[in-house]
Structure formats: structure tokens, C-alpha cells
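Student:
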Amino acid sequence: MKQFILFILITILVYLASFVMPWWISGMICFILTFLFNPGNFSASVISLIAVFIIWYLQAYMSDRNFDIPVSSLIGSLLGNISKEMVFIITGLVGGIPAAMAGLLGNWSRTIFQNK
Amino acid sequence: MIKKIFFVITFAITILLFLFLNGNVQLSKKTMPPLGKFLNPFYGVWTSDTRDEYTNLNVNLNGLKNKVEIYYDERHIPHIYAQNLEDALFAQGFIEAQNRLFQMEFLAKAAAGELSSIFGDRTLKLDLDKRRMGMKYAAENAVKGWEKQSDYSKITSYIDGVNAYINSLEPKHYPIEYKLFDIRPEPWTAIKSALIFKQMSLTLAGRNDDVPNTNLLYYLGKSDFDFLYPEHQQIENPVVPTEQPYQFDTLYGKQISPTAIIEKPILKANFERREKGIGSNSWGLSGNRTATGKPIFCNDPHLALGLPSIWIEEHIQTPDFNAYGVSFPGFPGIMIGFNEYMAWGETNVGQDVQDLFLVKWADENKSKYVFDGQEYNVDYRVETIKIKGQKDYIDTVKYTKLGPIYYTSDDGNMDLAMRWLCHDEPDVDEYNVFIHAMQCKNHLEFLEGIQKYISPAQNFGFADKEGNIGLRVNGRFPAKFDQDGRFVEYASQNNDWQAWIPLDQVPQYMNPERGFIASANQVSADKTYPYYFTGRFERYRNKTINGQLENITNANVEDMKSMQHNSYSSKAEDYIRMLKRLVLPQDVKPEFKDIYVRFIEWNFEYKAESEYPTLFEMFYDKLEVNTWDEITKIKETADAFYPEEWRLLELIETDPANKYFDIQSTSKKENAKDIVIQSLNETFQDFTAQKADGTDLTWGSYKPLNIYHLTRVPALSVLDIHADGCTDAINAVGVSFGPSWRMIISLEDKIQGYGVFPGGQSGNPTSKHYKNMINAWLEGKYYPLNLYISKESLMKSAAMTVKLNPEI
């Protein structure tokens, strides 16, 4: 249950904050929430990864439909002729991996803080 | 303890990961965008301007007098409806920024020598060159002159429009390139508009042959130099034909003092000739040669073909004028276009307005120089070049009375100052020329307006509804002594420019008896013109154009379209006629006899699917190298170039035993025929060998056209286009140059206009209007240019509407 609430909170807060804050706000939110929830290292990183991956993936996918010529194709060419689908996955990972690291760090900080 | 170590490692990796994703990353030679920022779906590339953002933009802006309505049609042409000129210019600035903001900023930075602030130290050499050339100094001088003009507010209206757009732009909507290079738009200024125009001066009037000519004179001697590099052909089609002797003389047409020219070579200083291809065609037919009985005016400027396109098409209407045409993003007015009374256009004048002078120093520190026996202190201009991710680079450029020290030899013993028209402070409102053109009601007003134009000099052609056609070789031209400015000279007043050629003495004509005007960058006037006119002039396109126009009757728009798309080369025809006279099929190696017979029956058309143009170009390259082995040797140690194509052909036909046909490295004494046959055999050998290897040798594949994005990022470019044409044909398509805007205007009661350019209206690579016109351009198709489209019909059909309201 704690993991599920953490997932929902990360998803909502990251989504809302991203409209007004720079891209790294997702990391900050994951760090703070995993610090507060202390769900364990594995859960902290995986939940952060999945939540932010989904937000970045879906938001990129929705935005791509606003362009005359999909911007995903252009990014694919820029990043070395990769497919549109791979561009969405890379976008999700570029958001998700640092969030996972931040989540892991948040949980670990709590553990070390408590041990003191 | 181990846990703590792991924690510290995780902490470090996390921080590094965020820093990595937040900054530009250098991977081998490619710079990657800051991936975190770039791929952020809330602010990054995914939120760049899209088709929906401005569907109905309605903004209140400070600086407007009245409301302006802009309707974009289905081809993304903005139709601007304003109540007065200033508001129209404001709107022009707004829509140019809306469509081409990065292009404008990039061009201004490229001209100023500021690219390193975007691209890092890989563009430092380019930036240094621009600083030493004094590009920003020239732009600052231009604005200094503009500010003294009474109607300077016209240019500020345009600038306010650009800035109004920039200020209305949210960071998340910055164009894609800003996100790719992690930069933000900077305010637009008059200096930036001046830089855009100076960049055009650099392209069209910013090179000289002083150094190669000096080297060739030194190595070949005067007699051979004059023999191989004459400035005029025996038969020429000058821009303005001499119908009667010139009725004036000049004090300056006398021979330069031989002691003025420096008597030493300058070796390798990168002053080689640039690639052929920049130029333009323009012609106008009088009513007695057209089917409608009304004039037709045509223009196609050949410039670097890029994306976003160099031109933007616009229709601007106020209660006082109604004009349509193309503009350079970043500069107000319509450069090539038409209004309800007339059409106008330009081709470049090759007159040399950039000369180099050897500076004599008065002290070892090079802080003082000697000029006409007197010592002068140099002025220092400190150039600070910002380099992305690195500390600034400081360069100090010395300025003399003649201009900046542009070149210093490696041993430090030779410094050349650059005298360039582009540096001069203008004493007239030159920025007004293309604003004024939009408003002209007859050719007299037009001719008066273009008097203010300075540089790059253009052949301004026009035609009007009253039936007039005319042309003026227009700009500011230095009156020089004969041969002055052709070589590097000693810095002195006597060797500098003496005066300006008076306006009534520049070549010009109206309503000629032959019934047409035409210019294609050839010599402006023939040898009888009293002033010394030197520079780089075109030799073949003009012959084709004049030849076709002399025979044309009942011409219509379709004839003009096919003429602009004509890929015939008179250079190829001249050379192949020579081959037919000189070389029999049995003269070439037996195995090449068949290919030779087919080759000389070619129709001289540079078609993308034909192999003959490739064969001819390969042959010409061999012929040039085999003939000019003496000059190739000079080129190994010093900047130099080969004699022109027409001169080589003339020598083959009139002086076949000339010593230059003898290859120095062989014991045999070759003549012109030997060289031609040898070149043919080598060409056929190479050609068949490459074909046997499976190489596609059709012309389109051999010399494909590449339309690069400004940043040369391949994903934003259109590459490997197989196009008809060559630089010697009317359809002057080169590897990266070509007809950048084809326009045909029939001056009937209701003017009919047609145009196309190889790109699109939008600078946004994800827009359907980014490159949508390339195919039509390739196929020789045109779009109608609708000057008379009503606001009411656009209100119903507009694909996009922008309403600019004055702030209350």
C-alpha cells in the first residue's frame, strides 16, 4: 500500500511540478518522497523510474501529435537514425533513470540518517 | 562503513548524471544536446512551436499605431493588412521573427563573428576571420550613418516588431534549434539588421583577387600575365550595350604607376578563388516581344541554397501601397517583387570594391605606419569572442586609414590592410531602398529611390505597366586608375580610390530598341566605357539569355518558365564545337571511338539523368590541369588560379602552338591538339573504369545538390538531390548554390505573378511548410503570386490568423 501511495504521489507531483519547474524537478520530488516514505532501496528506485518514465513517455507521445511532421522522427534522425518508438523510450529513460537514482539516494539518505 | 562508501558513490553518480543530462555533451566530434533539457516533454523539444500554437494569435503590442491583420494562406504566405507604413514594417518584423527567428539570429551572429558562443571553439577560426575583416565594425558604422537619417524610425518599426515577437515567446516555445544548442533568443537590434545586410555584401562583394593576381604577375611576368588573364573578351554582351559612344571622359582612366604594385609574392594566404555559382539572372521584355503586348519581368538570384530558405515570401498592403515579393529575414522591405504599378529585381555586379594594401610600419611594434611620408598611429579594436563552455578569446585588430589589417604573413613581415566599401559610414538612408520600392508608383520614383543604394552593387532591373523596361548598374563604384585594385598595392593616397563614379555616368538604359533588358553578372559595359571596371564577371549565361531573347516573339509566361529552367550550357557547346573541328574519332584510342562519337553529338543539356554532362566536366577538368601545369606548380606554393574557360578555348583555337600547351615534365613538345586528345583519352579511361566499378555517373548523382540547414545538421537538411542544371546554364544549379527565387511578372492590366523557391516559408523543421516547395522548384513549376487577393476572402480561407493590436 505504501508503495502504491508513493507511486501515485510521485506521478501527480512530478506531472504538476514539471509544468513550472526545470526537468530535474522530477529527481528532487523522488528524492524527497522516498526519503519520507523510506520504502526500501529497490522499491524507491523502481517506483521512481516507472512513475517518471510513464509521465515523460506519455507526455512526449501526446506532444508529438501537435506537429505537422512528428518531432519524434526528427529527434530520431538527430540521435542517429533511431525509430520513433525508440525515441519515446529514450525520452522516458532520460526522465526515469535520474529519477530512479534520486529515489535510491533519498531512501538511502533516510537509512543512513536513521542509523545515526 | 561499506554502506557509507556505496552511498557516497551513488550520490556522486547521481549528481554527475544530472550534470551530464543538463549540459552539452561532446561525443567524438559530435556535440549532443543537453538530453535532460532537450527531451523534457514539458519544456524541451517536444514543446517547440507547432502548427497549433498560433492558429489565432491576438496580441496587444506597444509600438503599433493601429490594428494589423495578418492572414496566412495555405502555402503559409503572410498577407499583411496595415493602416500605415510603420505598422506594416512592424508586422513584417513580427512575422519574420515568427517564422525565421533562429535563422535571423544565426546569420547576424555568423556575420559578427559570434558563432563560437553557440558552437564552441570549432567555429573560432571563422569568427576570427569575420572580426579581422571588420564585419561588426562595418555594421556599427552603418547604424551610425542610419541614425543620422530623418526617417530612421522606419527601421526601428521593423526592429520593434521583431522584439515584440521575441518578447511574446515563452521559453517552452523556442524554436527547435534553440533547444538543440541550449541557447535563448537575444533582443534584435539595428546592428543585427545591418549585419544581415553586411553578410550579403560579404557574399556578393566581399572577395578580391588581389593576392592571386599579384602572385601570378610575379611568377609569370607582365607579358604572360596580360596574355593569359585579359579582362575583356573580343566579343562581349555587356549588361548595358554600347549603342552610341560614351559622351563623357574621366580623369581616372589612366594607367596605374607600375611602382604601385608590390613586387613580391604573398604565397599561401587562403585568397584562392571561391566556388563558382553565386550570381543571378534577370531580364525584361518590352510589349512588342510579348503575346499580351505588355512587359514581362523575370528574375532568379543564385545564392547559397539552404534551410531555412534564404528568402521569405510576403504580401504587404496598406491604404497607400500593395506589394508582393521576397525579403531577407532580418531586413525590412521587399527586395525582389512587384506592386500594382511595376516589378523590380536585381542581379549582382561583379565590380571589385575590396582592395588590399601593403602597410609600411614606422616602428617595430607595428603601432605606427607610414602613409604618404607621414607617420600615423594605428587604432586598436579589441575583439572579445565568447566561446561556449570556455573562457573568452581576445583578439586585437589594428586599423589604418584604409581599413583593418586583415592579413599578416606567417613570418610577420607583411601586413595587408583591407579597403572595403562595406566599412564606410553611409551618408544616405540606404535601408530605405527596398521599403521605398514597395511604394513606387512609376519607374521614375523607383530610379530615384535606388540612388541611395550603396553595396553590394546590383543591376537593378524593372518593368512597369506603362510599358517601360529599364536597368541601372546601381551602387557606389570607386573611380579607379586603370588596373588599380587588381593587385596588392602599397598603401598610399594615390593608390587608394580617387572618387565615386557619378550616378549619371554609371551604365544604364531604358526601353532599348532591341526590346529587352538582361543581366546575368557579365561585364557591366564594354571596353569603351571610360572608367576602369574590374572584378569577376560571368561569361556564358548572359550569352544564352541574350541569344534566346533576341529571337523571342509573342512571349508568354510559359515561355519564361521554360527559359528559367533551361539547362543548356553554351560553354559545353563552344568546347564541343571545338572538338568536332579539331579531333576526329580515329584520333582517340580505338576503344574510346564509340563513346567519343556519342559524346560530341550531345545536346549540351545538363539533365540529371544524363551521363554526358559528367563526361564533359571530367574532360574540362583534365584539359585544364594538363594545359596549365605551369600554373599548377605556382599553386603549390602560392595562391593562384587558372585562366578563365573562354581564354583556354580561345588559345586552343587561335594559338595551338603556344608554349603553355607543352607539358613541362615530358620531352615531347605538345600542342593544343595533343593536350585535347590526351585529356579525352584520360577522361574516357576514368569514366569507363568508374562505370565498370558500378559508380552512378549520371549528372544528378555525380554532382548532387545539397540544401543544408544553417547548422549543417544532416537531420534538418535535404541532401543528395539530383537536379538538372549547372552554373553555366540559365538554370544555374550548383552543388550548394542555385536559383534561390524564380519570379516571373507579366505587367498586364491585372498583373500576373508567379514564383517558387527551393524550400518553404517556415523555418521550423517540423512544419509542413519547411521544405514543401523543393519538388515544385526541381520540376520547374511555379505558384501564383496573388497580389489582388482580398482580405475578405482570406478571412474565410486563412490557415492561420495573427491580429496585432496597439496597446491601450
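Residue numbers (our numbering), protein chains in the order written: chain A, 20 to 135; chain B, 39 to 846.
Where a beta carbon is used, it is the ideal one built from N, C-alpha and C, also for glycine.
It should be emphasised that the depicted structure is a prediction, and the values quoted were computed from it without experimental measurement.
I'd like to know whether the C-beta of A/Gly-46 is nearer than 9 Å to at least one C-beta of chain B.
Tutor: yes
Student: How many angstroms separate the CA atom of B/Pro-72 from the CA atom of B/Trp-458?
Tutor: 41 Å
Student: Are the C-beta of A/Ala-30 and some C-beta of chain B separated by less than 9 Å?
Tutor: In the sequence under discussion, the amino acid at residue 30 of chain A is Thr, which differs from the Ala named in the question. Answer no: the Cβ-Cβ gap between A/Thr-30 and chain B never drops below 9 Å.
Student: Can you tell which of B/Leu-816, B/Ile-348 and B/Thr-385 has its C-alpha closest to the C-alpha of B/Cys-336?
Tutor: B/Thr-385
Student: Compare the beta carbon distance of B/Pro-516 and B/Gln-543 with 9 Å and say whether it is the shorter of the two.
Tutor: no
Student: Pick helix, strand or coil for B/Gly-259, following the three-state DSSP scheme.
Tutor: coil
Student: Can you check which of these residues, B/Leu-233, B/Glu-708, B/Ala-176 and B/Asp-247, is closest to B/Asp-462 by C-alpha distance?
Tutor: If you compare the alpha carbons of B/Leu-233, B/Glu-708, B/Ala-176 and B/Asp-247 with that of B/Asp-462, the shortest gap goes to B/Ala-176.
Student: Quick one: list the residues of chain B neighbouring A/Ser-96, beta-carbon separation under 7 Å, in chain order.
Tutor: Ala-753
Student: Relative to the C-alpha of B/Asp-700, which residue among B/Ala-710, B/Gly-487 and B/Asp-693 is closest?
Tutor: B/Ala-710
Student: Going by other Cβ atoms of all chains shown within 10 Å of its Cβ, with 16 needed for buried, is B/Gly-411 buried or exposed?
Tutor: exposed
Student: State the DSSP-derived secondary structure class of B/Arg-138, mapped to helix, strand or coil.
Tutor: helix
Student: Cβ closer than 7 Å: which chain B residues qualify as neighbours of A/Leu-93?
Tutor: Ala-753, Pro-803 and Thr-804
Student: Buried or exposed: where does A/Ala-119 fall if 16 or more other Cβ atoms within 10 Å of its Cβ makes it buried?
Tutor: buried
Student: Mapping DSSP to helix, strand and coil, what is A/Ile-48?
Tutor: Helix, per DSSP.
Student: Could you please give the first and the last residue of the uninterrupted beta strand (DSSP E) stretch that includes B/Pro-849?
Tutor: Outside the shown range of chain B, which is 39 to 846, sits residue 849 of chain B, and nothing can be said about it.
Student: Here's the rule: buried if 16 or more other CB atoms are within 10 angstroms of the residue's CB, otherwise exposed. What is B/Pro-283?
Tutor: So B/Pro-283 counts as exposed.
Student: Candidates B/Leu-266, B/Ile-443 and B/Ser-405: which alpha carbon is nearest B/Leu-166's?
Tutor: Checking every option, the nearest Cα to that of B/Leu-166 belongs to B/Ile-443.
Student: Please state whether the Cβ-Cβ distance between B/Pro-742 and B/Leu-345 is less than 9 Å.
Tutor: No.
Student: Mapping DSSP to helix, strand and coil, what is B/Tyr-740?
Tutor: Judged by DSSP in its simplified three-state form, B/Tyr-740 adopts helix.
Student: What's the gap between the Cα of B/His-211 and the Cα of B/Leu-218?
Tutor: 13 Å
Student: What is the DSSP secondary structure of B/Ala-558, reduced to helix, strand or coil?
Tutor: coil
Student: Any residues in the stretch 107 to 125 of chain A with a beta carbon nearer than 8 Å to a beta carbon of chain B? Which ones, in chain order?
Tutor: Ile-109, Thr-110, Val-113, Gly-114, Ile-116, Pro-117, Met-120, Ala-121, Leu-123 and Leu-124
Student: By the 10 Å Cβ neighbour count, where 16 or more other Cβ atoms means buried, how is B/Asp-417 classified, buried or exposed?
Tutor: Looking at its Cβ environment, which holds fewer than 16 other Cβ atoms inside 10 Å, B/Asp-417 is exposed.
Student: Looking at the unbroken beta strand (DSSP E) that takes in B/Lys-340, where does it start and where does it end?
Tutor: Here residue 340 of chain B turns out to be His, not Lys, going by the sequence shown. Taken as a continuous stretch (DSSP letters only), the beta strand (DSSP E) holding B/His-340 covers 334 to 342.
Student: Under the DSSP definition of a beta bridge, which residues are partnered with B/His-747?
Tutor: B/Leu-345
Student: Span of the alpha helix (DSSP H) holding B/Asn-848?
Tutor: Nothing about residue 848 of chain B can be reported from this structure: the residues present for chain B run from 39 to 846 only.
Student: Kindly list, in the order they appear in chain A, the residues whose Cβ is closer than 8 Å to that of B/Ile-51.
Tutor: Residues of chain A passing the Cβ test: Met-120.
Student: Starting from the beta carbon of A/Ile-7, find every residue of chain B whose beta carbon is closer than 8 Å, and list them in chain order.
Tutor: In this structure chain A extends from 20 to 135, so residue 7 of chain A is not present and cannot be described.
Student: For the pair the stretch 366 to 383 of chain B and the stretch 262 to 281 of chain B, tell me if three or more CB-CB distances fall below 8 Å.
Tutor: The stretch 366 to 383 of chain B and the stretch 262 to 281 of chain B do not touch, with fewer than 3 CB-CB distances between them shorter than 8 Å.
Student: Measuring only the C-alpha atoms, how far is B/Ile-350 from B/Glu-134?
Tutor: 8 Å
Student: Could you tell me if B/Glu-352 is buried or exposed, where buried requires 16 or more neighbouring beta carbons within 10 angstroms of its beta carbon?
Tutor: buried
Student: What do you get for B/Leu-832, buried or exposed, if any count of 16 or more other CB atoms within 10 angstroms of its CB means buried?
Tutor: buried
Student: In angstroms with no decimal places, state the Cα-to-Cα distance between A/Leu-32 and A/Ile-109.
Tutor: So the two alpha carbons sit approximately 22 Å from each other.
Student: One question on the structure: do B/Pro-822 and B/Ile-812 come within less than 9 Å of each other, judged by their Cβ atoms?
Tutor: no
Student: Since B/Asp-734 sits in a beta bridge, which residues does DSSP pair it with?
Tutor: For B/Asp-734, DSSP records no beta bridge to any residue.
Student: Output needed in chain order: residues of the stretch 65 to 90 of chain A with a Cβ under 9 Å from some Cβ in chain B.
Tutor: Ile-74, Trp-75, Tyr-76, Leu-77, Gln-78, Ala-79, Tyr-80, Met-81, Ser-82, Asp-83, Asn-85, Phe-86, Asp-87, Ile-88, Pro-89 and Val-90
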